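Peer 1:
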Amino acid sequence: MLSIIPPLITAVTAASTPTLSRRVLGVGACVGSADPDAWFPSEPSPNGGEPTEAVMARRAEYEATARRLCRDCPVRAECLELALREEYDLPRTWFHGIRGGTAPWKRQSMVYNRRRTARRMAARQLTEDSGAVA
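In numbering that gives the first Met the number 0, the protein residues as written are 0 to 133.
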């Protein structure tokens, strides 16, 4: 069976969390930046009756900033994987800043999908295990 997962993604997801952290803190574009606050811009949110289009435009601008800041980072994939692991058990309100070229709400969606996949796999395994016992 041919794997559709690119080798880089396989290597990144196989790395331990401490290894990812060392890589990101060692050579990440954000490390030693002249403006570390650039990775923590104000998040766009509805301001009392503001049109949805305005909020969506500000979100698009935030996401473009995330892509621009992380575009040339040599450890962007590692940074994103590390963020997803570190934020896995956190409530949405604790997701902040740009990590791995993504906005907090994008990572929250990715974490949600990981949790859902993990639950489905666990349920499938339980079903298979109970079927094997019977």
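For every residue, glycine included, the Cβ atom is placed at its ideal position computed from N, Cα and C.
None of these values were measured; they are calculated from a predicted model.
1. Between which residues of its own chain and Val30 is the CB-CB distance below 7 Å, once the five residues before and five after are set aside?
2. From Trp38 to Asp128, what does the alpha carbon distance come to, in whole angstroms?
3. Which of helix, strand or coil does DSSP assign to Arg70?
4. Is the Cβ-Cβ distance between Leu19 and Glu60 less than 8 Å?
5. Alpha helix (DSSP H) containing Glu77: first to last residue?
6. Just checking, does the segment 85-100 make contact with the segment 38-56 on the three C-beta pairs under 8 Å criterion?
7. Roughly how many whole angstroms lie between the Cα atoms of Arg84 and Leu125?
8. Relative to the C-alpha of Arg135, which candidate in Arg119, Asp88, Ala122 and Met120 has its C-alpha closest?
9. Hey, quick one: how far does the alpha helix (DSSP H) through Ser20 stretch, first residue to last?
Peer 2: This is what the structure gives:
1. Leu24
2. 45 Å
3. coil
4. no
5. Arg75 to Glu85
6. yes
7. 24 Å
8. No answer is possible for residue 135: the residues shown for the chain start at 0 and end at 133.
9. Thr16 to Val26
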